[in-house]
Amino acid sequence: MFDYRLLEAFACVIQEGGFERAARTLHITQSAVSQRIRQLEEAVGQVLLTRTKPPAPTEAGRRMLKHCLQVRRLEEDLRDNLGPGGGEDHVSLAIGVNADSLALWFLDAVRPFLQAEPVVLDLRTLDQEETLHLLRDGEVAGCISAEARTVQGCRAERLGSMDYRLTASPEFAARWFPEGLSLESVSRAPMLVFNRSDTLHVKLCRQALGASPEAFTAFYLPSTERFPWAIAEGLACGMLPEQQSTPLLADGSIVDLAPGHVLRVDLYWHAWNINSELLGKLGRCLAAGARELLT
1 MFDYRLLEAF ACVIQEGGFE RAARTLHITQ SAVSQRIRQL EEAVGQVLLT RTKPPAPTEA
61 GRRMLKHCLQ VRRLEEDLRD NLGPGGGEDH VSLAIGVNAD SLALWFLDAV RPFLQAEPVV
121 LDLRTLDQEE TLHLLRDGEV AGCISAEART VQGCRAERLG SMDYRLTASP EFAARWFPEG
181 LSLESVSRAP MLVFNRSDTL HVKLCRQALG ASPEAFTAFY LPSTERFPWA IAEGLACGML
241 PEQQSTPLLA DGSIVDLAPG HVLRVDLYWH AWNINSELLG KLGRCLAAGA RELLT
């Protein structure tokens with residue numbers, strides 16, 4: 001049986017990004033936090049935490065972190081079920097979500113859950129292809145991912161799809177694509193890219209052209225909200241989800257560079273496969289909201 005004071009200190013160091021911050025959160029000294037980590041490592045006979053800045057869990061540490069957070073989730077559920085006086089006013093749920101979902105539909109989907117339950121969210125943002133890593137490493141209790149196959153100890157449910165189009169302003173299209181989309185033109189034209197993990201434009205080119213350029217003239221813009229503005233202003237071309245592209249296409253602010261080609265990204269809800277009433281309620285609310293908001 002683990003001493004959960006030690007587990008709590010370990011998890012807090014990871015979540016807060018350092019021993020000093022963990023000490024403030026736990027209301028103990030930094031040396032006490034260090035001592036608890038050492039005691040936990042001695043108890044399991046393995047190094048659980050690299051002493052880097054910020055500290056990072058080892059492979060064994062990631063398994064320990066996942067165990068700790070799952071136990072905390074079950075204890076919070078039990079406390080809620082005990083009724084008034086059973087615990088704190090709010091509990092925190094760590095969730096991984098991609099930037100487009102967060103900006104366009106996620107909060108609308110889970111709003112009924114947040115209004116009904118004493119929960120605050122700790123949202124971690126990565127690309128839809130990468131959020132599953134957070135779940136695998138035990139950093140979140142659930143995530144939205146483009147991957148259908150889940151990790152061990154978790155369950156998955158399809159939520160719906162987001163459709164993306166390659167777009168540009170009419171002036172940009174006339175300048176860079178006078179003869180239409182081609183491998184040469186798309187490699188030379190400035191291309192909006194969210195970050196270095198973003199490959200939506202690559203996938204659309206493969207669909208529309210049968211191949212993708214070896215390199216793009218990337219314009220990195222890690223802001224979902226400013227993507228439509230940058231495209232409509234003619235700064236670059238780029239991929240836009242249907243929720244953002246439809247009104248701009250309708251009023252002529254942008255044009256579709258690959259008519260008839262839509263990149264459909266299926267989204268799935270992945271969550272720990274534990275008997276958590278609160279996590280189950282979140283999943284059901286998210287699925288219901290997604291059915292209304294996604295294709």
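Residue numbering for the sequence shown follows full-length UniProt numbering, beginning at 1 and increasing consecutively. Even for Gly, the Cβ is constructed at its ideal location relative to N, Cα and C. Only a predicted model underlies this, so the values are computations on that prediction, with no experimental measurement involved.
Legend entry - C-alpha distance - Pro228 paired with Asp3, whole-angstrom precision: Sequence index remark: in the sequence shown, residue 228 carries index 228 (1-based). Sequence index remark: in the sequence shown, residue 3 carries index 3 (1-based). Distance between the alpha carbons of Pro228 and Asp3 is about 51 Å.
Inset, instruction - Just list the beta strand (DSSP E) runs in the stretch 45-131, keeping only unbroken ones of 3 residues or longer that don't cross its boundaries, in chain order. - result: 91-97 and 119-125, all fully within the stretch 45-131.
Inset, instruction - Using beta-carbon positions only, say whether Ile95 and Leu123 come within less than 8 Å of one another. - result: Counting from one through the sequence shown, the residue named residue 95 turns up at place 95. Counting from one through the sequence shown, the residue named residue 123 turns up at place 123. Contact flag set, yes.
Inset, instruction - Would you list the residues sitting across from Thr217 in a DSSP beta bridge? - result: In the sequence shown, the residue the question calls residue 217 occupies position 217. Pro190, per the DSSP bridge assignment.
Legend entry - Where Thr167 falls: helix, strand or coil (DSSP): Stepping through the sequence shown from its first residue, residue 167 is reached at position 167. Strand, per DSSP.
Inset, instruction - Starting from Arg149, trace the beta strand (DSSP E) both ways and give me its first and last residue. - result: Residue mapping note: residue 149 aligns to position 149 of the sequence shown, counting from 1. No beta strand (DSSP E) contains Arg149, which DSSP labels as neither H nor E.
Inset, instruction - Pick out whichever of His201, Thr295, Gly280 and Leu74 has its Cα sitting closest to the Cα of His261. - result: The sequence position of residue 261 within the sequence shown is 261, counting from 1. Comparing Cα positions, the closest option is His201.
Inset, instruction - Answer yes if the stretch 131-141 comes into contact with the stretch 224-242, meaning at least three C-beta pairs across the two stretches below 8 Å, and no otherwise. - result: With a cut-off of 8 Å, the stretch 131-141 and the stretch 224-242 do not count as touching, because too few Cβ pairs lie within range.
Inset, instruction - Sort Gly160, Arg155, Glu20 and Phe216 by Cα distance to Glu184 and report the nearest one. - result: Your numbering for residue 184 matches position 184 in the sequence shown. Minimum Cα distance to Glu184 is reached at Phe216.
Inset, instruction - Express the C-alpha separation of Ala23 and Ala32 in angstroms, rounding to a whole number. - result: Position 32 of the sequence shown, counting from 1, holds the residue named residue 32. Position 23 of the sequence shown, counting from 1, holds the residue named residue 23. Ala32 and Ala23 have their C-alpha atoms some 8 Å from each other.
Legend entry - Phe113 vs Cys237 beta-carbon contact at 8 Å: As a first step, residue 113 is located in the sequence shown; it is residue number 113 there, counting from the start. As a first step, residue 237 is located in the sequence shown; it is residue number 237 there, counting from the start. No; because the gap between Cβ atoms is not below 8 Å, this pair is not in contact.
Inset, instruction - Reducing DSSP to helix, strand and coil, say where Pro228 ends up. - result: Translated into positions along the sequence shown, residue 228 becomes position 228. Helix, per DSSP.
Inset, instruction - Please work out which residues of its chain come closer than 6 Å, Cβ to Cβ, to Gly83, disregarding the five sequence neighbours upstream and downstream, and give them in chain order. - result: Numbered from its first residue, the sequence shown carries residue 83 at position 83. Here the model assigns Gly83 a pLDDT of 49, short of 50, so the residue's position is not dependable and the matter cannot be decided.
Inset, instruction - Give every residue of the same chain whose Cβ lies closer than 6 Å to the Cβ of Ser253, excluding the five residues on either side of it in the sequence, and list them in chain order. - result: For the purposes of this step, residue 253 is taken as residue 253 along the sequence shown, with counting starting at 1. Counting only Cβ-Cβ distances below 6 Å, and skipping sequence neighbours, we find Ala232.
Inset, instruction - Might you give, ordered along the chain, the residues of its own chain that have their beta carbon closer than 6 Å to the beta carbon of residue 297, omitting 5 neighbours on each side? - result: Residue 297 is absent from the model: the chain starts at 1 and stops at 295.
Legend entry - Cβ neighbours of Gly85 in the same chain (closer than 8 Å, five flanking residues each side left out): Here residue 85 refers to the residue found at position 85 of the sequence shown. Unreliable placement is indicated for Gly85, whose pLDDT of 46 sits below 50; no coordinate value is reported for it.
Legend entry - Length of the line joining the Cα atoms of Arg291 and Leu192: On the sequence shown, position 291 is the one that residue 291 refers to. On the sequence shown, position 192 is the one that residue 192 refers to. Distance between the alpha carbons of Arg291 and Leu192: 29 Å.
Inset, instruction - Using the Cα positions of Leu134 and Trp272, report the straight-line distance between them to the nearest angstrom. - result: In the sequence shown, the residue the question calls residue 134 occupies position 134. In the sequence shown, the residue the question calls residue 272 occupies position 272. The alpha-carbon atoms of Leu134 and Trp272 are separated by roughly 12 Å.
Legend entry - Three-state class that DSSP yields for Ala156 in the structure shown: The residue labelled residue 156 in the question sits at position 156 within the sequence shown. Taken through DSSP and simplified to helix, strand or coil, Ala156 comes out as strand.
Inset, instruction - For His270, count neighbouring C-beta atoms within 10 Å of its own C-beta (all shown protein chains included) and say buried if the count is 16 or more, exposed if not. - result: Residue mapping note: residue 270 aligns to position 270 of the sequence shown, counting from 1. Classification for His270: buried.
Legend entry - Contact the stretch 239-249 vs the stretch 205-221: 3+ CB pairs below 8 Å: Result no; under three Cβ-Cβ pairs closer than 8 Å.
Legend entry - Of the listed residues Glu117, Arg5 and Gln15, nearest to Pro55 (C-alpha basis): Here residue 55 refers to the residue found at position 55 when the sequence shown is read from its first residue. When each option's Cα is compared against that of Pro55, the closest is Gln15.
Inset, instruction - Have a look at Ser276 and Gly283 and give me their C-alpha separation to the nearest angstrom. - result: Locating residue 276 in the sequence shown gives position 276, counting from the first residue. Locating residue 283 in the sequence shown gives position 283, counting from the first residue. So the alpha carbons of these two residues sit roughly 11 Å apart.
Inset, instruction - Kindly indicate which three-state DSSP category Gly234 falls into: helix, strand or coil? - result: Locating residue 234 in the sequence shown gives position 234, where the first residue counts as 1. Here Gly234 sits in coil by DSSP.
Legend entry - Validate contact between the stretch 201-210 and the stretch 174-184 using beta carbons, cut 8 Å, 3 pairs: Verdict: yes, contact present.
Inset, instruction - Under 8 Å by Cβ, that's how I've got Glu8 and Ala103 pegged, so tell me the actual separation to the nearest angstrom. - result: Mapped onto the sequence shown, residue 8 falls at position 8. Mapped onto the sequence shown, residue 103 falls at position 103. Taking C-beta atoms under 8 Å as the contact rule, Glu8 and Ala103 fail to qualify, at a distance of about 33 Å.
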